[in-house]
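Residue numbers (the working numbering): 349 to 798.
We treat Cβ as the ideally placed atom computed from N, Cα and C, and that holds for glycine.
Note that this is a predicted model, so its numbers are computed, not measured.
A quick write-up on the structure given underneath.
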């Protein structure tokens, strides 16, 4: 039972009469009657407000994506024969919004439902509880409110960024059309993917001879090749301590609503996965920190399942084990292909372990390193220190930047393509670098981009 504003007005009037009673004792009787009438009216008004039946239905978009605006619609209906005043409150998890959404509504009489709309921009990925929808119904006299719960709590999923604009969006749209067969490409030359074995025929090039089968059968056996529609794409996603940084802040800033490095890297890796599926690649994903977090194979048309398997991936406050990731990657995808590693190098010791793991991967796969730059390190390195502590921080930041450049040069000599980029260009630079691996002019050397 919640008192309304009119009740306070009536009680204030009664209090004025009581205050004037010492000079005029006859005012005590109307003051007492006014108090009794206010209490009786409050009880009757509350009972009438409670008797009103209110129904609600919440409609959400089919997909909630981190950082993308989504319109939430709540349909409200009642059976009162008058205009109904409601105060509604939609409780939201901090990962969905910084505060609950509130509104004061006037629902006209009749059976037609009224609509309450508001825009929501989810702040964090994962599974969150959408709290109850509560409402306060005002009585016809405005003396009392009756509070009730219209909708029970429910669970919703917030996925990584799905929709892309600009060049990334055009690349993904083109890849989707290729997957559907709407824009076939012309192929020329000799196929390079093994298809079958057959007896050797005069005129076949010596490179077509399958020497193991020849040794087993005692006669020349040739390899029949077909067109290479794609390659084996292995995506490695670092979920270690450095990836927990949120827009240059520490992991304690989760309530700020910013996006972490892992959020950006996960969105970019899923965009790369969609591009690879469109090309006909066989895609595998390995997420790791000091242990393997997720591992999966993505089949043709399985992008939806990959989003469902990775949407709630969280960074761990532990150092990434790149050696373990390299071993697991070779087990997950033993056939030669392309390995793309998303990480953020901010520790000199981690850079040495990373270099060792990438050199091991390069023996089996063409390797691409996508290094997400830390904006806070850049600000410290190029800023003007004002205190001795800031000077020490500047020196440490410059050492990290120099180590990253040295790492890129050494990996380039080993044939590893490296991309060092900011968060707002991560997806575009990763997709461009991946496609550049298949250009004929690339040769056998790596290069540094960014």
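> Nearest-angstrom Cα distance between residue 431 and residue 439?
Replying inline: Locating residue 431 in the chain shown gives position 83, where the first residue counts as 1. Locating residue 439 in the chain shown gives position 91, where the first residue counts as 1. For residue 431 and residue 439, the gap between their C-alpha atoms comes out near 25 Å.
>> Let me confirm a value: residue 722 is counted as buried when at least 16 other C-beta atoms fall within 10 Å, else exposed. Which label applies?
In response: Here residue 722 is taken as the residue at index 374 of the chain shown, counted from 1. So residue 722 ends up on the buried side.
>> Please give the ranges of any alpha helix (DSSP H) in the region 679-729, keeping only runs that are unbroken, at least 4 residues long and fully inside the region.
In response: Within the region 679-729, the complete alpha helix (DSSP H) runs of at least 4 residues are 696-710.
> What do you reckon, are the CB atoms on residue 637 and residue 592 nearer than 7 Å?
Replying inline: Working through the chain shown from its first residue, we reach residue 637 at position 289. Working through the chain shown from its first residue, we reach residue 592 at position 244. No, the Cβ-Cβ distance between residue 637 and residue 592 is not below 7 Å.
> For residue 520, which residues from the same chain have a beta carbon less than 7 Å from its beta carbon, with the 5 sequence-adjacent residues on both sides left out?
Replying inline: Here the question's residue 520 lines up with position 172 in the chain shown. Short of 7 Å from the beta carbon of residue 520, and not among the five residues preceding or following it, lie these beta carbons of its own chain, in chain order: 512, 619, 622 and 623.
> So, using beta-carbon positions, are residue 686 and residue 579 closer together than 7 Å?
Replying inline: Start at 1 with the first residue of the chain shown, and residue 686 comes out as number 338. Start at 1 with the first residue of the chain shown, and residue 579 comes out as number 231. Closer than 7 Å, so yes.
> For residue 497, which beta-bridge partners are listed by DSSP?
Replying inline: Here residue 497 corresponds to residue number 149 of the chain shown, with the count starting at 1. In DSSP, residue 497 forms a bridge with 482.
> What's the gap between the Cα of residue 715 and the Cα of residue 692?
Replying inline: Residue mapping note: residue 715 aligns to position 367 of the chain shown, counting from 1. Residue mapping note: residue 692 aligns to position 344 of the chain shown, counting from 1. Residue 715 and residue 692: Cα-Cα distance of roughly 16 Å.
> Between the C-alpha atoms of residue 650 and residue 631, what's the straight-line distance to the nearest angstrom?
Replying inline: Taking the chain shown and counting its residues from 1, the one referred to as residue 650 is at position 302. Taking the chain shown and counting its residues from 1, the one referred to as residue 631 is at position 283. Linking residue 650 to residue 631 through their CA atoms gives a straight-line distance of about 10 Å.
>> With DSSP as the reference, identify every bridge partner of residue 474, one or two as the case may be.
In response: Within the chain shown, residue 474 is the residue found at index 126, counting from 1. Answer is 506.
> From residue 753 to residue 526, what does the alpha carbon distance come to, in whole angstroms?
Replying inline: Your numbering for residue 753 matches position 405 in the chain shown. Your numbering for residue 526 matches position 178 in the chain shown. Near 37 Å, if we compare the C-alpha coordinates of residue 526 and residue 753.
>> As an exercise, report each continuous alpha helix (DSSP H) stretch of at least 4 residues that is fully enclosed by the region 742-781, in chain order.
In response: Considered as a whole, the region 742-781 harbours no complete run of any alpha helix (DSSP H) with no fewer than 4 residues.
> Alpha carbon to alpha carbon, how far is residue 745 from residue 466?
Replying inline: By 1-based counting over the chain shown, the position of residue 745 is 397. By 1-based counting over the chain shown, the position of residue 466 is 118. Their Cα atoms are separated by approximately 43 Å.
>> At the level of alpha carbons, what is the spacing between residue 761 and residue 481?
In response: Looking up residue 761 in the chain shown gives position 413. Looking up residue 481 in the chain shown gives position 133. Those two C-alpha atoms are separated by around 60 Å.
> Tell me, which residues are paired with residue 350 by DSSP?
Replying inline: For this step, residue 350 is matched to residue 2 along the chain shown. Paired residues: 493.
>> Measuring straight from C-alpha to C-alpha, what distance separates residue 504 and residue 608?
In response: Position 156 of the chain shown, counted from the start, is the residue given in the question as residue 504. Position 260 of the chain shown, counted from the start, is the residue given in the question as residue 608. As the crow flies, the alpha-carbon of residue 504 is around 21 Å from that of residue 608.
>> Which of the three DSSP states is assigned to residue 664 in this structure?
In response: Locating residue 664 in the chain shown gives position 316, counting from the first residue. Coil, per DSSP.
> Does the distance from the CB of residue 648 to the CB of residue 641 come in under 7 Å?
Replying inline: The residue given as residue 648 occupies position 300 in the chain shown. The residue given as residue 641 occupies position 293 in the chain shown. Cβ distance not < 7 Å, so residue 648 and residue 641 don't count as in contact.
> Apart from the five residues just before and just after residue 775, which ones in its own chain have a Cβ nearer than 6 Å to its Cβ?
Replying inline: Numbered from 1 along the chain shown, position 427 holds the residue referred to as residue 775. Closer than 6 Å at the Cβ level, and outside the excluded window around residue 775, lie 516, 616 and 619.
>> Taking its Cβ as the centre, do 16 or more other Cβ atoms sit within 10 Å of residue 463, making it buried, or is it exposed?
In response: Locating residue 463 in the chain shown gives position 115, where the first residue counts as 1. Here residue 463 is exposed. Its C-beta has fewer than 16 other C-beta atoms within 10 Å.
>> If distances are taken between C-alpha atoms only, which option among 555, 582 and 581 comes closest to residue 569?
In response: In the chain shown, counting from the first residue as 1, residue 569 sits at position 221. Residue 555 is the option with its Cα nearest to residue 569.
> Taking C-alpha atoms, which residue in 712, 653, 659 and 701 lies nearest to residue 677?
Replying inline: Stepping through the chain shown from its first residue, residue 677 is reached at position 329. Closest by C-alpha distance to residue 677, out of 712, 653, 659 and 701, is 712.
> Expressed to the nearest angstrom, what Euclidean distance is found between the alpha-carbon atoms of residue 358 and residue 471?
Replying inline: For the purposes of this step, residue 358 is taken as residue 10 along the chain shown, with counting starting at 1. For the purposes of this step, residue 471 is taken as residue 123 along the chain shown, with counting starting at 1. Cα-Cα distance, rounded: 45 Å.
> According to the neighbour-count rule (16 or more other Cβ atoms, all chains shown, within 10 Å of its Cβ), is residue 769 buried or exposed?
Replying inline: One-based indexing of the chain shown puts residue 769 at position 421. Only buried fits residue 769, as 16 or more other CB atoms lie within 10 angstroms of its CB.
>> Using 8 Å as the cut-off, can you tell me whether the region 439-456 makes contact with the region 490-498, which would need three or more C-beta pairs spanning the two stretches below that distance?
In response: Of all C-beta pairs linking the region 439-456 to the region 490-498, fewer than three are shorter than 8 Å, placing the two stretches out of contact.
> Between the C-alpha atoms of residue 473 and residue 611, what's the straight-line distance to the nearest angstrom?
Replying inline: In the chain shown, the residue the question calls residue 473 occupies position 125. In the chain shown, the residue the question calls residue 611 occupies position 263. Approximately 8 Å, taken between the alpha carbons.
>> Rounded to whole angstroms, what is the Cα-Cα separation between residue 535 and residue 639?
In response: Taking the first residue of the chain shown as 1, we reach residue 535 at position 187. Taking the first residue of the chain shown as 1, we reach residue 639 at position 291. In this prediction, residue 535 has a pLDDT of 42, which is less than 50 and means its spatial position is unreliable; what the coordinates show is noted afterwards. Those two C-alpha atoms are separated by around 42 Å.
> Taking C-alpha atoms, which residue in 364, 425 and 396 lies nearest to residue 382?
Replying inline: Walking along the chain shown from the start, residue 382 turns up at place 34. By alpha-carbon distance to residue 382, the top candidate from 364, 425 and 396 is 364.
> Per the contact definition of three or more C-beta pairs closer than 8 Å, is the region 693-711 in contact with the region 656-671?
Replying inline: Touching, yes.
>> Which of the three DSSP states is assigned to residue 444 in this structure?
In response: Here residue 444 refers to the residue found at position 96 when the chain shown is read from its first residue. Coil.
> Opposite residue 740 in the DSSP bridges: which residues?
Replying inline: Here residue 740 refers to the residue found at position 392 of the chain shown. None, per the DSSP bridge assignment.
>> Using only the alpha-carbon positions, how far apart do residue 362 and residue 378 sit?
In response: The sequence position of residue 362 within the chain shown is 14, counting from 1. The sequence position of residue 378 within the chain shown is 30, counting from 1. C-alpha separation (whole angstroms): 8 Å.
> Rounded C-beta distance between residue 369 and residue 436? I'm assuming under 8 Å.
Replying inline: By one-based count along the chain shown, residue 369 stands at place 21. By one-based count along the chain shown, residue 436 stands at place 88. At roughly 42 Å, the Cβ-Cβ gap does not stay under 8 Å, so residue 369 and residue 436 are not in contact.
>> So for residue 669, helix, strand or coil by DSSP?
In response: Residue numbering aside, residue 669 sits at position 321 when the chain shown is read from its first letter. Residue 669: coil per DSSP, three-state reduction.
> Quick one: Cα of residue 614 to Cα of residue 659, how far?
Replying inline: By 1-based counting over the chain shown, the position of residue 614 is 266. By 1-based counting over the chain shown, the position of residue 659 is 311. The alpha-carbon separation between residue 614 and residue 659 amounts to approximately 8 Å.
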